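Novice:
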Amino acid sequence: MKKIVLFICTHNSARSQMAEGLMNALPGDQYESFSAGTEPSQVNPYAIKSMSEINIDISSNRSKNIHEFEGMEFDYIITVCDNAKQRCPVFPGIGTHIHKVFAYPSAAKGSDNQKLMAFRIVRDEIRDWIQNNFKSVK
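To convert, note that position 53 of the sequence shown is 56 in my numbering; the numbers rise steadily by one, no gaps.
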């Protein structure tokens, strides 16, 4: 039976979207992940681009509000920024709540390449963290 994971950040535009895509792509059939935001906006084009570079397509994802998941039970709820941790609602039947802060790549300044590099760095940090912390994730 799959473990159900919810990644939460403020806007559900980058970090939580990339985490959802990575978790769904990397561990095969052991996990099913979702993402949401406390103040959803839209999926950042740099998040989409950085994920496509590793053959993970999140281009059809949409930014979702955490309230869309009320009433669902999760094995893991993972907040990826301090704001989300402070504003995260209580979900029934939660197995484990994890807080792991990743840099906010949307704040990157500079050229398109510099901004994309910030997203690549965060993407790789999230991938490494998932691989190191979730059983059987290669």
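Each residue gets a CB set at the ideal place from its N, CA and C atoms; glycine is no exception. Treat the numbers as computed from the prediction; the structure is a model and nothing was measured.
1) Tell me the DSSP secondary structure of Lys6 in three-state form.
2) Please list the terminal residues of the continuous alpha helix (DSSP H) segment that includes Gly24.
3) Looking at C-alpha atoms only, which residue of Met75, Gly74, Pro108 and Lys112 is the closest neighbour of His14?
4) Tell me the residue span of the beta strand (DSSP E) that contains Ile81.
5) Return the residue from the list Met21, Gly40, Phe105 and Ser62 that minimises the CA-CA distance to Glu71.
6) Start and end of the alpha helix (DSSP H) containing Glu182?
7) What whole-angstrom Cβ distance do Val83 and Lys103 have, given they're in contact under 8 Å?
8) Residues in the same chain with beta-carbon distance under 6 Å from Lys141, minus the five sequence neighbours each way, listed in chain order, please.
9) Using beta-carbon positions only, say whether Tyr34 and Phe105 come within less than 8 Å of one another.
10) Name, in chain order, the residues that DSSP records as bridge partners for Ala39.
Specialist: In brief:
1) Position 3 of the sequence shown, counted from the start, is the residue given in the question as residue 6. Correct three-state label for Lys6: strand.
2) Here residue 24 refers to the residue found at position 21 of the sequence shown. Gly24 -> alpha helix (DSSP H) spans Arg18 to Ala28.
3) Taking the sequence shown and counting its residues from 1, one reaches residue 14 at position 11. If you compare the alpha carbons of Met75, Gly74, Pro108 and Lys112 with that of His14, the shortest gap goes to Pro108.
4) Looking up residue 81 in the sequence shown gives position 78. Start and end: Tyr79 to Thr82.
5) In the sequence shown, the residue the question calls residue 71 occupies position 68. The residue among Met21, Gly40, Phe105 and Ser62 with its C-alpha nearest the C-alpha of Glu71 is Gly40.
6) Residue 182 cannot be examined here, being either before or after the span of the chain that is shown, 4 to 141.
7) Counted from its first residue, the sequence shown places residue 83 at position 80. Counted from its first residue, the sequence shown places residue 103 at position 100. 6 Å between Cβ atoms; contact.
8) Against the sequence shown, residue 141 aligns to sequence position 138. With a pLDDT of only 46 at Lys141, under the threshold of 50, the placement of this residue in the model should not be trusted; the figure read from the coordinates follows. If we look at Lys141 and ignore the five residues flanking it on each side, it has no Cβ neighbours.
9) Residue numbering aside, residue 34 sits at position 31 when the sequence shown is read from its first letter. Residue numbering aside, residue 105 sits at position 102 when the sequence shown is read from its first letter. Not in contact: Tyr34 and Phe105 (Cβ atoms no closer than 8 Å).
10) For the purposes of this step, residue 39 is identified with residue 36 of the sequence shown, where counting begins at 1. Paired residue(s): Ile11.
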